[in-house]
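Take a look at the structure set out below.
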Amino acid sequence: MNTDPTKRRHFHEELDALQEKLMEMAGLVEEIVAVASSAVLERDPSVADVVKQSDGRIDDIEVEIDDLVIELLALQQPVASDLRQVVTTSQVANDLERIGDHAVNIAKAARRLADTQPLPEIKELGEMIEITRGMLSDALAAYVSRDAKTARIVCMTDDKVDDLRRSMFRIVITHMLEDPKRISGALELLLVSQNLERIADLATNLAEDVVFLVEGRTIKHGAESASAS
Amino acid sequence: MATSPASATSQASEITDPNPALEARGLSVFYGEKQAVKEIDLVIPARKVVALIGPSGCGKSTLLRCFNRMNDMVSAARVTGSVTFRGTDLYDPAVDPVEVRRKIGMVFQKPNPFPKSIYDNTAFGPRVNGFQGDLDALVEDSLKRAALWEEVHDRLYDSAYALSGGQQQRLCIARTLAVKPEVVLMDEPASALDPIATQRIEELIHELKQEYTIVIVTHNMQQAARISDLTAFLYMGELVEYGPTDTIFTNPREERTEAYVTGRFG
Numbered sequence: 019m020n021t022d023p024t025k026r027r028h029f030h031e032e033l034d035a036l037q038e039k040l041m042e043m044a045g046l047v048e049e050i051v052a053v054a055s056s057a058v059l060e061r062d063p064s065v066a067d068v069v070k071q072s073d074g075r076i077d078d079i080e081v082e083i084d085d086l087v088i089e090l091l092a093l094q095q096p097v098a099s100d101l102r103q104v105v106t107t108s109q110v111a112n113d114l115e116r117i118g119d120h121a122v123n124i125a126k127a128a129r130r131l132a133d134t135q136p137l138p139e140i141k142e143l144g145e146m147i148e149i150t151r152g153m154l155s156d157a158l159a160a161y162v163s164r165d166a167k168t169a170r171i172v173c174m175t176d177d178k179v180d181d182l183r184r185s186m187f188r189i190v191i192t193h194m195l196e197d198p199k200r201i202s203g204a205l206e207l208l209l210v211s212q213n214l215e216r217i218a219d220l221a222t223n224l225a226e227d228v229v230f231l232v233e234g235r236t237i238k239h240g241a242e243s244a245s246a247s
Numbered sequence: 051m052a053t054s055p056a057s058a059t060s061q062a063s064e065i066t067d068p069n070p071a072l073e074a075r076g077l078s079v080f081y082g083e084k085q086a087v088k089e090i091d092l093v094i095p096a097r098k099v100v101a102l103i104g105p106s107g108c109g110k111s112t113l114l115r116c117f118n119r120m121n122d123m124v125s126a127a128r129v130t131g132s133v134t135f136r137g138t139d140l141y142d143p144a145v146d147p148v149e150v151r152r153k154i155g156m157v158f159q160k161p162n163p164f165p166k167s168i169y170d171n172t173a174f175g176p177r178v179n180g181f182q183g184d185l186d187a188l189v190e191d192s193l194k195r196a197a198l199w200e201e202v203h204d205r206l207y208d209s210a211y212a213l214s215g216g217q218q219q220r221l222c223i224a225r226t227l228a229v230k231p232e233v234v235l236m237d238e239p240a241s242a243l244d245p246i247a248t249q250r251i252e253e254l255i256h257e258l259k260q261e262y263t264i265v266i267v268t269h270n271m272q273q274a275a276r277i278s279d280l281t282a283f284l285y286m287g288e289l290v291e292y293g294p295t296d297t298i299f300t301n302p303r304e305e306r307t308e309a310y311v312t313g314r315f316g
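Chains as they are written, first to last, in the numbering used here: chain A, 19 to 247; chain B, 51 to 316.
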């Protein structure tokens, strides 16, 4: 049996166009997460506007993707891996859009942070940023290369970010108790860590979607470990 | 219906059933030298809708015709292997093919009513079989089961040819049901009908599976997806994959099934 590349060519061209939009969105999201989190570490107040502007474009692409997904479902009735791809694109776009919103929150926090009294360096924050950005980047790479193994590693990494957020909470509270003048800055960092944790959660969702796309299997909400036990 | 891989009937299928409506074992059909169906093992559970899909010439209609010995009508056809219905091999020489076709009815692609009234079409089978009971009641019941009664009850003695294509097909279904079959085989029953008539036939199939086992051949994959519980994909006479319809259309195991249902070949 040979598959014929000319079969359903029109449909596959539309599917390719959909993927291109998603990749454009993914590139913008990765970029604003990087810019916003660096701005926190560098106490740089200047990036918020740029990040917000990119987020506007991200929102627009999400709407374009939603429209295309509805159109493809209605007109092409995809099945099997095509169906999984269309449905997953919609879910990934939704996750990316929310990650974009968290990046905006982080950039705004960086702007406010510049007006507060600096805190001693918290290495957990740098670590949290690095791991979260790595999860996002690995989840997107796994999506592009249809790599369920990497996607599963991303899912397992999420616990580290949760632990770091708990550490951050303790450290930040300690700084507040030590010196009340640090409270404003400390609160901003707490907010940043919460947003980073949510980004890691959404990167995990994205990785779970990759496993569904590749294997047709749902691993959300511990479904995989539940079925294995 | 159990789906334990340990008791799978073949590599292509995980469907098992301790008390199936029909069961094919090592079933092959030859037309002269050409082998149209190759060593198929297939279990059809009772009161389910099973769709047979595959590209033209894959053997799906030939397989369907094995289930009520319609291939006996094709002089060059030779069948090997077995088809079991209620524990009896349908191809046992002692089995009367006419009796088989009463228990396992068939509806064809094009509606083929007889040039008789609606009533006489429906009553045809029972009369041939020497039905002794209340024929009027049987005709009414059969037409109701085929979702046609409301449209024809006041013109039962009009010619069947006065009906629309979709109504004629439902009349053919009523005619099949009138002899009280257990299994209904359908060979592309809606392919000659418009979308509204098609929808009515599909609704009817949903209702019929409460009491009957249905095996349907269809070229329309969306139709197979909408109406069937189980789907068998055939390719070049082989059963490639047989499983729950939702699996076949969301996550098939076989690459060839994936390529066919996504329209990449066929």
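We treat Cβ as the ideally placed atom computed from N, Cα and C, and that holds for glycine.
Quick caveat: nothing in here was measured; it's all calculated off a predicted structure.
{"Query": "Any beta-carbon of chain D closer than 7 Å to the one on G175 (chain B)?", "Result": "In summary, chain D is missing from the structure at hand, where the protein chains are A and B."}
{"Query": "Should V97 (chain A) be flagged as near chain B, meaning a C-beta pair shorter than 7 Å?", "Result": "yes"}
{"Query": "Can you tell me where the beta strand (DSSP E) holding G180 (chain B) begins and where it ends?", "Result": "That residue, G180 (chain B), is in no beta strand (DSSP E); it is neither H nor E in DSSP."}
{"Query": "For chain B, check one thing: does any of its Cβ atoms lie closer than 7 Å to the Cβ of D34 (chain A)?", "Result": "no"}
{"Query": "From this set, A:Q135, A:L209, A:E89, A:G45, which residue's C-alpha is nearest R75 (chain A)'s C-alpha?", "Result": "A:G45"}
{"Query": "With a threshold of 7 Å between beta-carbons, can R27 (chain A) be considered close to chain B, or not?", "Result": "no"}
{"Query": "Does the region 254 to 264 of chain B come into contact with the region 76 to 93 of chain B, if we say contact requires no fewer than three beta-carbon pairs (one atom in each stretch) closer than 8 Å?", "Result": "no"}
{"Query": "Assuming A323 (chain A) and P63 (chain A) form a contact by the criterion Cβ under 8 Å, report the distance between their Cβ atoms to the nearest whole angstrom.", "Result": "Since the first residue shown for chain A is 19 and the last is 247, residue 323 (chain A) is missing from the structure and cannot be characterised."}
{"Query": "Is there a Cβ from chain B that is less than 7 Å from the Cβ of D165 (chain A)?", "Result": "no"}
{"Query": "Here's the rule I'm using: 16 or more other beta-carbon atoms within 10 Å means buried, otherwise exposed. How should Y161 (chain A) be labelled?", "Result": "buried"}
{"Query": "Whose CA, out of A:N223, A:E38, A:L137, lies closest to the CA of I191 (chain A)?", "Result": "A:L137"}
{"Query": "With a threshold of 6 Å on Cβ separation, who are the neighbours of P147 (chain B) within its own chain once the five nearest residues in sequence on each side are excluded?", "Result": "R119, D122"}
{"Query": "Which term fits Y106 (chain B), buried or exposed, when burial requires 16 or more other beta carbons within 10 angstroms of its beta carbon?", "Result": "Note on identity: in this sequence residue 106 (chain B) is Ser, with Tyr being the wrong assignment. So S106 (chain B) counts as exposed."}
{"Query": "Is the beta carbon of E80 (chain A) less than 7 Å from the beta carbon of A111 (chain A)?", "Result": "yes"}
{"Query": "Taking G144 (chain A) as the reference, which of A:M43, A:A52, A:H239 has the closest Cα?", "Result": "A:A52"}
{"Query": "Expressed to the nearest angstrom, what Euclidean distance is found between the alpha-carbon atoms of R303 (chain B) and F230 (chain A)?", "Result": "14 Å"}
{"Query": "Would DSSP call F80 (chain B) helix, strand or coil?", "Result": "strand"}
{"Query": "Comparing C-alpha positions only, which one of B:P161, B:V311, B:F299 sits nearest to A247 (chain B)?", "Result": "B:P161"}
{"Query": "Taking contact to mean 3 or more Cβ pairs, one atom from each stretch, closer than 8 Å, check whether the region 149 to 160 of chain A and the region 215 to 224 of chain A are in contact.", "Result": "yes"}
{"Query": "Can you check the region 199 to 258 of chain B for any beta strand (DSSP E) of at least 3 residues that lies completely inside it and give the ranges in chain order?", "Result": "233 to 237"}
{"Query": "Which residues in the same chain as S54 (chain B) place their Cβ atom closer than 7 Å to its Cβ, once the five residues preceding and following it in sequence are excluded?", "Result": "Only weak support is given to the placement of S54 (chain B): the predicted model assigns it a pLDDT of 40, under 50, and the value that follows is read from those uncertain coordinates. Around S54 (chain B): T66."}
{"Query": "Please name the residue or residues paired with P294 (chain B) in a DSSP beta bridge.", "Result": "B:L280"}
{"Query": "Could you give the first and the last residue of the continuous beta strand (DSSP E) run that contains R128 (chain B)?", "Result": "127 to 135"}
{"Query": "DSSP three-state label for K199 (chain A), please.", "Result": "helix"}
{"Query": "Return the bridge partner residues of L72 (chain B) from the DSSP annotation.", "Result": "B:I94, B:F135"}
{"Query": "Quick one: list the residues of chain B neighbouring L101 (chain A), beta-carbon separation under 8 Å, in chain order.", "Result": "F299, T300"}
{"Query": "Could you check whether the Cβ of L231 (chain A) sits closer than 7 Å to any Cβ belonging to chain B?", "Result": "no"}
{"Query": "Going by Cα to Cα distance, which pick from A:E196, A:L195, A:T107, A:V179 is closest to S211 (chain A)?", "Result": "A:V179"}
{"Query": "Is it right to say I50 (chain A) is buried, meaning 16 or more other beta carbons lie within 10 angstroms of its own, or is it exposed?", "Result": "buried"}
{"Query": "Would P95 (chain B) be called buried (16 or more neighbouring beta carbons within 10 Å of its own) or exposed?", "Result": "buried"}
{"Query": "Name the chain A residues whose beta carbon is nearer than 9 Å to that of Q217 (chain B)?", "Result": "Correct list: empty, because the minimum Cβ distance to chain A is about 28 Å."}
{"Query": "With a threshold of 7 Å between beta-carbons, can G45 (chain A) be considered close to chain B, or not?", "Result": "no"}
{"Query": "Is the beta carbon of A224 (chain B) closer than 7 Å to that of A196 (chain B)?", "Result": "yes"}
{"Query": "Which partner residues of Y285 (chain B) appear in the DSSP bridge assignment?", "Result": "B:E288"}
{"Query": "Using 8 Å for Cβ pairs, my map puts F158 (chain B) next to V133 (chain B). What's the rounded Cβ distance?", "Result": "Incorrect: roughly 20 Å between the Cβ atoms, too far for contact."}
{"Query": "So, with DSSP's three-state summary, where would you put T175 (chain A)?", "Result": "helix"}
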